[in-house]
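Order-wise, the sequence lines are chains H and R. In terms of the numbering used here, the first sequence is numbered consecutively and its last residue is 135. In terms of the numbering used here, the second sequence is numbered consecutively and its last residue is 120. Where is the CB? At the ideal position from N, CA and C, for every residue including glycine. A quick note: this is a predicted structure, and the numbers were derived from the prediction, not measured. What follows is a set of notes on a single structure, which appears directly below.
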Amino acid sequence: AQKVTQAQTEISVVEKEDVTLDCVYETRDTTYYLFWYKQPPSGELVFLIRRNSFDEQNEISGRYSWNFQKSTSSFNFTITASQVVDSAVYFCALSEVSNTGNQFYFGTGTSLTVIP
Amino acid sequence: EPEVTQTPSHQVTQMGQEVILRCVPISNHLYFYWYRQILGQKVEFLVSFYNNEISEKSEIFDDQFSVERPDGSNFTLKIRSTKLEDSAMYFCASRSARLAGPEQYFGPGTRLTVT
């Protein structure tokens, strides 16, 4: 079973539109961490945010905001007033404290294209 | 700001050859990881390494793979006899002490092409 599901494979929006990327996770741990990473065409993984399971406060950072809801096991990511530079693949990831290695489980990614 | 580095950035090798991918984690980090990303697919965990031994590995990490920390700075991934399906981007990551938080810092990746 997938631990992290990103149902949206590809999204295209016109510049300045808002866009929300969905992430649903599955874990039996009570303590875990969720992450979002951006992967531009150059290929590196750029860290965007970490969220602890015990902190459900939503967060805003500039044009980015994150909505964490434990009740629905979701950690969605919204980009407001999208820009061409936001075009990338975005990955949601889960880290479980119970795992010895604390490895990350990544979703399949959502490819976002922002059209000028 | 300290960062994880990986060499080479791109490696081309023939099927059946051995390759070694190199990583230099952040200097005071204790946990080390290798991940793989086949083109167009998700990033997959291969192995985690702590205190000079493997702490966890995925089913992908079979006998063809091995990891080593030969000195105080390098962390290597060896593929003994490469197959076409080993073509992928390989990411190294490191993490500080367990109580310092779960953040893993990823290197820029090595693109491995097996022909």
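Please state whether the Cβ-Cβ distance between H:S31 and H:T132 is less than 8 Å. yes
In whole angstroms, what is the alpha-carbon distance linking H:R69 and H:N77? 11 Å
Tell me the start and end of each unbroken beta strand (DSSP E) in the segment 55-89 of chain R that is at least 3 residues and wholly inside, in chain order. 58-62, 70-73 and 80-84
State yes or no: is the beta carbon of H:Q27 nearer than 8 Å to at least one beta carbon in chain R? no
Can you check DSSP and say which residues form a bridge with H:V38? H:I98
Taking a cut of 7 Å between CB atoms, which residues from the segment 56-74 of chain R lie near chain H? S60 and E61
How many Å lie between H:F110 and R:E23 at the Cα? 31 Å
Would R:F54 pass as a contact of R:S63 if the rule is Cβ separation under 8 Å? no
Nonlocal neighbours in the same chain, by C-beta distance under 6 Å from R:T12, ignoring five residues either side: R27
What is the DSSP secondary structure of R:K47, counted as helix, strand or coil? coil
Less than 8 Å between CB atoms is the rule here; does R:F80 satisfy it with respect to chain H? no
Name the chain R residues that come within less than 8 Å of H:T127, Cβ to Cβ? Q46 and K47
If we call anything under 8 Å between Cβ atoms a contact, is H:T50 one with H:S80? no
Step through the CB atoms of chain H and report whether any lies within less than 8 Å of the CB of R:Y95. no
Ignore the nearest five residues each way along the sequence and tell me which others in R:G114's own chain have a CB closer than 7 Å to its CB. Q11, M94, Y95 and F96
Could you name the residues of the segment 27-59 of chain H whose beta carbon sits closer than 7 Å to any beta carbon of chain R, in the order they occur along the chain? Y52
Cutoff 6 Å; reference R:R116; Cβ partners in own chain excluding five residues on either side: H15 and M94
For the putative contact between R:I25 and R:K83, defined by C-beta atoms under 8 Å, what is the C-beta separation to the nearest angstrom? 5 Å
Measure the Cβ-Cβ separation of H:F123 and H:S114 and say whether it is below 8 Å. yes
How long is the line joining the alpha carbons of R:I2 and R:A102, rounded to whole angstroms? As shown, chain R starts at 6 and ends at 120. That puts residue 2 of chain R outside it, with no answer to give.
Using CA coordinates, which residue listed in H:K89, H:Y83 and H:E63 is at the minimum distance from H:L53? H:K89
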